[in-house]
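Written out below as structure tokens is the structure these notes cover.
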Ligand code: 3PY
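Residue numbers (the working numbering): 148 to 402.
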């Protein structure tokens with residue numbers, strides 16, 4: 148089962164998630180038990196290598212929460228490693244062209260839809276009950292969520308063609324701002340960045356696909372939920388930990 152896919156297909160609410168940047172299965176478990184619908188195991192900018200990914204992904208899945216892996220770059224071998232670890236979805240950063248997106252889908256799906264190779268029983272172990280080889284092959288393509296980040300000018304220019312090709316188009320507002328010449332400064336977003344975000348949401352809605360966005364806190368996440376976003380990253384482990392300690396210190400100091 149893919150709990151995130153179930154929310155997408157059976158519920159009308161946004162799926163709220165958290166970004167795991169720090170390595171460790173205990174961190175994965177804390178995040179998965181927080182009430183989040185999905186956890187993004189961030190192998191692009193997080194401090195998470197291949198071994199840490201193979202620990203994080205099953206720890207999250209075991210708690211009935213969807214582990215999604217953000218691969219460091221769009222390389223077929225990275226897609227393969229992430230899916231073999233048992234990821235329920237794959238997020239490719241910084242894609243540029245329709246061809247990039249087609250390459251992701253080809254790498255992520257078993258034949259005949261794609262060219263993913265089979266060789267690892269590890270992903271199968273993450274299911275309960277463990278499927279047979281045939282059952283796994285039958286359900287893997289269908290249950291997988293493919294996601295690409297729209298965060299370059301080129302991807303923005305082609306977003307209407309990209310959206311139909313994947314399950315989720317996911318906005319990275321920081322990179323998108325940088326790449327279209329309107330960086331986010333001290334949390335402030337330029338109206339042109341807002342317009343680009345609206346265009347991406349519209350492309351997803353028109354294609355009948357889901358739209359995701361990265362946020363830096365609950366208030367911002369609520370604003371995007373109200374706009375109709377389907378997959379929202381509320382915060383990261385890294386910032387949450389620091390903020391929680393700072394809040395406790397403020398109280399401890401009697402301030
Ligand atoms: C961005 O905002 O660019 C992201 O990809 C979030 O990590």
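Using N, Cα and C, we set each Cβ at its ideal position, and we do this for glycine too.
- Separation of residue 256 and residue 217 (C-alpha to C-alpha, rounded to the nearest whole angstrom) is 17 Å.
- Contact between residue 184 and residue 151 holds, with the beta-carbon distance rounding to 6 Å and staying under 8 Å.
- If you draw a straight line from the Cα of residue 197 to the Cα of residue 186, it is about 16 Å long.
- Within the same chain, Cβ atoms closer than 7 Å to the Cβ of residue 385 are found at 168 and 169, the five residues on either side in sequence being excluded.
- With respect to the 8 Å criterion, residue 179 and residue 377 are not classified as neighbours on the basis of their beta carbons.
- With a cut-off of 8 Å on Cβ pairs, the stretch 305-316 is not in contact with the stretch 324-337, counting fewer than three such pairs.
- Looking only at 212, 285, 252 and 205, the smallest Cα-Cα distance to residue 233 is reached by 205.
- CA-CA distance, residue 343 to residue 352, rounds to 14 Å.
- As for any alpha helix (DSSP H) of minimum length 4 sitting wholly inside the stretch 319-350, the runs are 320-326, ordered along the chain.
- When C-alpha distances from residue 221 are compared across 251, 192 and 195, the shortest belongs to 251.
- By the CB criterion at 8 Å, residue 237 and residue 293 fall inside the cutoff.
- Taking 7 Å as the cut-off, the C-beta of residue 329 does not count as close to any heavy atom of the ligand 3PY.
- Going by beta carbons, residue 200 and residue 229 fall inside the 8 Å limit.
- The ligand 3PY has no heavy atom closer than 7 Å to the beta-carbon of residue 337.
- A check of alpha carbon separations from residue 334 across 307, 364 and 348 identifies 364 as the nearest.
- With respect to residue 303, residue 297 sits close: the two C-beta atoms are nearer than 8 Å.
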